[in-house]
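Mind the numbering: the sequence shown is residues 1 to 107 in the UniProt record's numbering, read in order. Positions of the beta carbon are idealized from the N, C-alpha and C atoms, including for glycine. Below is one structure, written out as structure tokens; comments come after it.
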Amino acid sequence: MKNLAGLMKQATQMQARMEEMQAKLEDMVIEGSAGAGMVTLTMNGKGDMKSITIDPKLADPGEMEMLQDLILAASADARKKLDATASEEMKKVTGGLNLPGGMKFPF
């Protein structure tokens, strides 16, 4: 029983650290870019897009398809950086345990 109580205490501590990490991620601002910086966007740690900047040279109506592609590429770039940052933060919280993606505490 003593070991079970110790495990429960550790799980509670890990849950608190994970909640802190999630709050920290929500406050983060991640920037992604595409087209050599012609399109940049920022998103928060939850993946919500917060701003987008488009080089005025891309506003040509004949270039709209490229502009749309660059927006998608910048979004994917920011999301990739966000996922990498979240993964690193998770490793800090779990002490390097390799937990399945999306796993939340408590169990």
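Item	Value
Span separating the alpha-carbon of serine 33 from that of threonine 40	4 Å
Whole runs of the beta strand (DSSP E) within the stretch 9 to 82, excluding any shorter than 3 residues	29 to 34, 39 to 44, 49 to 54
Cβ neighbours of arginine 17 in the same chain (closer than 7 Å, five flanking residues each side left out)	Val93
Exposed unless 16 or more other CB atoms sit within 10 angstroms - verdict on leucine 70	buried
Distance CB(aspartate 55)-CB(methionine 38) smaller than 8 Å	yes
Environment of residue 129 [buried if 16+ CB atoms lie within 10 Å]	For residue 129 there is no data in the structure shown, the boundaries of the chain being 1 and 107.
Three-state secondary structure assigned by DSSP to glycine 6	helix
Glycine 6 beta carbon less than 8 Å from that of leucine 25	no
Spatially closest choice to valine 29 from Leu4, Pro61, Gly95, Ser75, by CA coordinates	Ser75
C-alpha gap between glycine 47 and glutamate 89, whole angstroms	15 Å
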